[in-house]
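Worksheet: one structure, shown below.
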Amino acid sequence: MTDDDPGTATDAAANAEGEAGESGTAVRRDRFSGGPAREFLSSLPADAAIFAADLAVDRAHTVMLAEQGIVDSAVAGEIIGALDDVEAAGHAELPDGEDVHEAIETAVIDRIGPDGGRMHTARSRNDEVATCIRYRLREDLLAAAEATVALREALLDVASEHTETVMPGYTHLQPAQPTTVAHYLLSYEGGVARDTERLLDAYDRVNRSPLGAAAFAGTPFDVDRDRTAELLGFDGQVRNSTDAASARDFLAEGATACATLATTLSGLAEDLVLFSNKGFVELSDAYASTSSIMPQKKNPDTLELTRGVAGDAIGEATGTLSLLKGLPRAYNRDLQRAHAGVFEIADDVREATEVAAGAVATADWDEGTLADAAGEGFSTATGVADLLAMGGIPFRTAHEIVAAAAEAVEDGDSPDAAAAKVDEAARKVTGEPLSAYVSREDVESALDPAASVASRDSAGGPAPEAVADELATAEAGIEEDDAALATARGALGDASEALDAEVESYV
Ligand code: ARG
1 MTDDDPGTAT
11 DAAANAEGEA
21 GESGTAVRRD
31 RFSGGPAREF
41 LSSLPADAAI
51 FAADLAVDRA
61 HTVMLAEQGI
71 VDSAVAGEII
81 GALDDVEAAG
91 HAELPDGEDV
101 HEAIETAVID
111 RIGPDGGRMH
121 TARSRNDEVA
131 TCIRYRLRED
141 LLAAAEATVA
151 LREALLDVAS
161 EHTETVMPGY
171 THLQPAQPTT
181 VAHYLLSYEG
191 GVARDTERLL
201 DAYDRVNRSP
211 LGAAAFAGTP
221 FDVDRDRTAE
231 LLGFDGQVRN
241 STDAASARDF
251 LAEGATACAT
261 LATTLSGLAE
271 DLVLFSNKGF
281 VELSDAYAST
291 SSIMPQKKNP
301 DTLELTRGVA
311 GDAIGEATGT
321 LSLLKGLPRA
331 YNRDLQRAHA
341 GVFEIADDVR
351 EATEVAAGAV
361 ATADWDEGTL
371 ADAAGEGFST
381 ATGVADLLAM
391 GGIPFRTAHE
401 IVAAAAEAVE
411 DGDSPDAAAA
421 KVDEAARKVT
431 GEPLSAYVSR
441 EDVESALDPA
451 ASVASRDSAG
461 GPAPEAVADE
471 LATAEAGIEE
481 DDAALATARG
491 ALGDASEALD
501 AEVESYV
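Numbering follows full-length UniProt numbering, with no gaps: position 39 of the sequence shown is 39.
Here's what the structure looks like:
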């Protein structure tokens, strides 16, 4: 007897007259009674993650079997009653088995006798497990996507309080151009918004039912695949039965969406660790930790852990693809190892996203320190070159003038002193004073970090009025994604209620 024959558990159960031996199971009975590889074969402990999913799949399948006249309604009622009992007892009370599917079937047969074996008619563990992991993963992806929306809300809230808070912007970790805290935070809102999109996109492809594919090659029973898909809240089917039983690309996609989100988070976390070091931002105590020996320390541990989760997530995505690479059609037991880690990483990444949201929402930005640092390293140089180019000097020449001035300009120079140095450089490079192109007043203003920021009002730029547009766009995007998530949650909730009601009518 192999799993490639749907419905064979019935015979096994009949032979055993409804009673599993001391260590037998419905499917294996005496053939899976022991041996050194037993634990290695079994996924039962890890299957706790799909215990609830398997019960739902069993219920939907049983309802469909009854509706199609494949199983008597009275027998369906007995099976459903037994499933309720198995659910109440919990995963930990399941009998031994290769996996949760077999263990639940054994538990049902133990309760109601050989008729319990009719539950496995017209299916295989192959389509069963594929359905269970999609059922479970869609919950995880929704939860992760919801966490991304909450993080975006936190970024947006803090950004809207800091549209005028000037801070240094870096490239290569060198002072580059002044920007604002709002503009900086919105840069992450944009990244996390794409992470939400990727998770929702992955969700759409996960949310399709493989149930009814049986082992991989369909079944002679007149199954209604639309009906089981509907009862389980799936938004359609994976039609080809071999594809349905074999495909795990959705796991790779879910893991990759999580790994990409974790990578976004790791950049935000790294920045905030650096900014804490510079005194730009102070984390709330709730998101910091201390040293067991150095009493003065306040460490950004939550952000370091957030940064660390990306390593695990990337490992999971890579591991999933590696496991799937080169697997022949249709089912191979390697697949048993493909999903548990994806559930775990989705959960870890969700948690990291929630922690990042909390850390962002409660952190304190030090406006004074930020303002002092914003002009360091002649960070306004590009703005001065832009001003000269706007006054008619070719940008390359303007760049040369300001580069020459940069040799002389020092942190702490007054605007007047710095402007004089730019003037001197202009005379050297062009033979003309700056006043031939721009007013001294405008040069001094371009040297001021806040004025420099205000001048960069191109679409998506850091000037407060450009940021006001970005805030509005971000808010609209959050509302849209929130609504999409509520719709998806609602559909799952409705399906689950409908299944409960359907099941009720049998007991
Ligand atoms: N526990 C198995 C898994 O996770 C279920 C499918 C077993 N199918 C089989 N043909 N042995 O993949």
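Glycine residues also receive a C-beta, built at the ideal position from the N, C-alpha and C atoms.
In the DSSP assignment, no residue is bridged to N277.
Per DSSP, P168 is one residue of the beta strand (DSSP E) stretching across V166 to T171. The UniProt domain "Argininosuccinate lyase C-terminal" (378–454) is shown to contain whole alpha helix (DSSP H) runs of 4 or more residues at 381–390, 395–408, 415–430 and 440–446, in chain order.
Distance between A498 and H61, taken at the CA atoms: about 14 Å. Here H399 has A385 as same chain residues with Cβ atoms under 7 Å from its own Cβ, once five neighbours each way along the sequence are excluded.
When secondary structure is reduced to three states using DSSP, S160 falls in the helix class. Residue environment: F40 is assigned as exposed (fewer than 16 neighbouring CB atoms within 10 Å of its CB, all protein chains considered).
A Cβ-Cβ contact shorter than 8 Å links E67 with D224. Contact between the region 229–247 and the region 151–160 is not established, with fewer than three Cβ pairs separated by less than 8 Å.
Collapsing the DSSP output to three states places S458 in coil. Membership of P178 in the beta strand (DSSP E) is indicated by the continuous run Q174 to T180. With a cut-off of 7 Å, the C-beta of H101 is classified as near the ligand ARG, since at least one heavy atom of the ligand falls inside that distance.
For I293, the number of other beta carbons within 10 angstroms of its own is below 16, and it is reported as exposed.
By the neighbour-count definition (other C-beta atoms within 10 Å, threshold 16), Q174 is an exposed residue. Listed in chain order, the non-local C-beta contacts of Y170 below 6 Å within the same chain comprise A176, local neighbours out to five positions each way being set aside. Non-local C-beta neighbours of L434 in its own chain, meaning closer than 6 Å and more than five positions away in sequence, comprise D423 and A426, ordered along the chain. Annotated as proximal: V438 and L388, with beta-carbon spacing under 8 Å. Exclusion of the five residues before and after E78 leaves I112, D115 and G116 as the residues of its chain whose Cβ lies within less than 8 Å of its Cβ.
Placement of the Cβ of V129 at a distance of less than 7 Å from at least one heavy atom of the ligand ARG is found. Judged by pairs of C-beta atoms under 8 Å, the region 295–314 touches the region 264–271, as three or more such pairs exist. Remark: the C-beta of Y331 is in contact range of the ligand ARG, defined as less than 7 Å to any heavy atom. Taken atom to atom, the span from the alpha-carbon of Q296 to that of S289 is near 11 Å. When the five nearest sequence neighbours on each side are left out, the beta carbons in the same chain lying within less than 6 Å of the beta carbon of S445 are those of A451, in order along the chain. The C-beta distance from T196 to A182 rounds to 20 Å, too long to meet the 8 Å contact threshold.
Note on E407: under 16 other CB atoms within 10 angstroms of its CB, so exposed under the neighbour-count rule. Judged by DSSP in its simplified three-state form, S187 adopts helix.
Collapsing the DSSP output to three states places D364 in a strand. Residue pairing of N299 in beta bridges, as defined by DSSP: S289.
Excluding five sequence positions before and after A313, the CB atoms of its chain that fall closer than 6 Å to its own CB belong to C258, A259, A262, I345 and V349, given in chain order. Here the alpha carbon of R194 sits roughly 42 Å from the alpha carbon of E441. Listed in chain order, the non-local C-beta contacts of S42 below 6 Å within the same chain comprise E98, local neighbours out to five positions each way being set aside. Under the three-state reduction of DSSP output, E376 falls in the coil class, being neither helix nor strand.
By the Cβ neighbour-count rule, V57 is buried, with 16 or more other Cβ atoms within 10 Å of its own. Around the CB of G383, 16 or more other CB atoms lie within 10 Å, so the residue is classed as buried. Here R138 really is in contact with N207; their C-beta atoms are around 5 Å apart, less than 8 Å.
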